[in-house]
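So the structure is just underneath, and the comments pick up after that.
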Amino acid sequence: MATNMQGAATGTDGPILVFDSGVGGLTVAREIRRLLPAISLTYLADDAGFSYGDWEEAALIDHISALVGDFVAKVQPRAVVVACNTASTLVLPRLRAELTIPVVGTVPAIKPAAEQTESGQISVLATPGTVRREYTRSLISQFASEISVNLVGSRHLSAIAEDKLAGRPVDLLRLKGEVEACFVSQNDKKTDTVVLACTHYPLLLEELEQVSPWPVRWIDPAPAIARRVCSVLISHQQEGERKVNIHFTTGRSVDPNEFNRFL
Ligand code: DGL
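FYI, the numbering for the sequence shown is 0 to 262, going by numbering that gives the first Met the number 0.
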């Protein structure tokens with residue numbers, strides 16, 4: 000396990016633990032940082048388990064429960080943020096049953112997309128795991144039964160985002176191939192809203208805009224998740240609290256700059 004620590008943990012009021020299979024959860028961590036500039040954050044990237052998209056469901060639940068349980072014992076956070084749709088759509092009930100601190104999840108932003116679409120044609124771009132989930136289907140029937148919802152599972156998009164953050168160039172043609180199924184034009188109605196239902200995808204927003212056949216509204220739920228985190232915290236930023244960032248990965252060693260520019 001690779002670790003980079005800057006400073007020490009903050010004592011009784013622990014950090015917020017933000018967790019993802021890789022660097023995608025940094026898009027959520029950056030919004031939390033915007034709202035809580037001095038709070039301590041611990042970021043856990045389970046890159047040894049990346050990508051979660053193809054994991055078998057029962058195995059993924061057990062894996063995440065053990066990993067997050069270990070880290071909660073280790074860093075004593077004041078809250079856990081599962082900054083991963085593929086994990087949240089599966090593991091939230093288990094984590095909430097096992098932990099005594101608030102657990103905030105990240106699930107596909109189908110409700111705001113259904114509220115904002117004008118054409119009534121939306122797409123949900125996610126990992127194959129999130130697309131398969133019962134949880135996702137139930138969000139659609141609860142909040143988007145009146146509109147047309149196109150579920151698009153991408154095998155490689157989160158890996159392309161990992162590559163971008165590691166400084167490798169993004170192949171726009173390959174990117175286009177991953178997302179072109181999002182763009183539907185049917186009976187004069189075109190997709191006007193795409194839900195970024197994987198926390199990695201906002202890292203590619205600029206490139207996604209470049210390869211889109213027409214402009215769409217991209218929904219990144221990170222700001223809403225950060226607001227939710229603020230509302231459930233047991234204790235907010237303390238007077239005089241000093242920002243501390245700690246990063247863990249389960250696989251490769253970490254370049255602290257990769258994380259720190261988001262936090
Ligand atoms: N960032 C994760 C999500 O929000 C999953 C990425 C992956 O494991 O491929 O779904």
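No residue lacks a Cβ here, since even glycine has one placed at the ideal position from N, Cα and C.
Owing to the predicted nature of the structure, the values given are computational and were not obtained by experimental measurement.
- Assigned with DSSP and collapsed to three states, L232 falls in coil, not helix or strand.
- The ligand DGL has no heavy atom closer than 7 Å to the beta-carbon of G250.
- Judged by their CB atoms, A160 and L203 are nearer to each other than the 8 Å cut-off.
- Note on geometry: alpha-carbon atoms of A180 and N149 lie some 9 Å from one another.
- Counting along the chain, Q75 sits inside no beta strand (DSSP E), nor does DSSP assign it H or E at all.
- The residues G13, in chain order, have a CB closer than 6 Å to that of Q75 in the same chain once the five nearest residues on each side in sequence are set aside.
- By the criterion of a C-beta distance shorter than 7 Å, T192 is surrounded in its chain by A112, Q115, T116, I121, V215, R216 and I218, once the five residues flanking it on both sides are discounted.
- Counting only residues of its own chain and dropping the five nearest sequence neighbours on each side, A78 has a CB closer than 8 Å to the CB of I15, L16, I100, P101, V102, V103, V228, V231, L232 and I233.
- When secondary structure is reduced to three states using DSSP, V27 falls in the helix class.
- Boundaries cannot be given for G21, as no alpha helix (DSSP H) includes it and DSSP labels it neither H nor E.
- Three or more Cβ pairs closer than 8 Å define a contact, and the stretch 124-138 meets that threshold against the stretch 44-57.
- Membership of L43 in any alpha helix (DSSP H) is not indicated; the residue belongs instead to the beta strand (DSSP E) covering L40 to A44.
- Note that the stretch 167-186 does not touch the stretch 81-100; fewer than 3 beta-carbon pairs, one per stretch, sit closer than 8 Å.
- Within 7 Å of the C-beta of F261 there is not a single heavy atom belonging to the ligand DGL.
- Annotation note: the stretch 96-177 contains the following uninterrupted beta strand (DSSP E) runs of length 3 or greater, listed N- to C-terminal: 120-125 and 147-152.
- Relative to the ligand DGL, even the nearest heavy atom lies 7 Å or more away from the CB of T99.
- With distances taken between CA atoms, Y200 lies nearest to D162 out of A225, K188, D162 and W213.
- Per DSSP, V243 has no beta bridge partner at all.
- Around A158, the same chain offers S50 as residues with beta carbons nearer than 7 Å, after the five sequence neighbours per side are excluded.
- The alpha-carbon of S147 is positioned some 13 Å away from that of V194.
- Taking non-hydrogen atoms of the ligand DGL into account, the C-beta of C181 is found less than 7 Å away from none of them.
- Between the ligand DGL and F18, a heavy atom-to-CB distance of less than 7 Å is absent.
- Exclusion of the five residues before and after P220 leaves A108 as the residues of its chain whose Cβ lies within less than 6 Å of its Cβ.
- When the five nearest sequence neighbours on each side are left out, the beta carbons in the same chain lying within less than 7 Å of the beta carbon of L171 are those of E206, Q209 and V210, in order along the chain.
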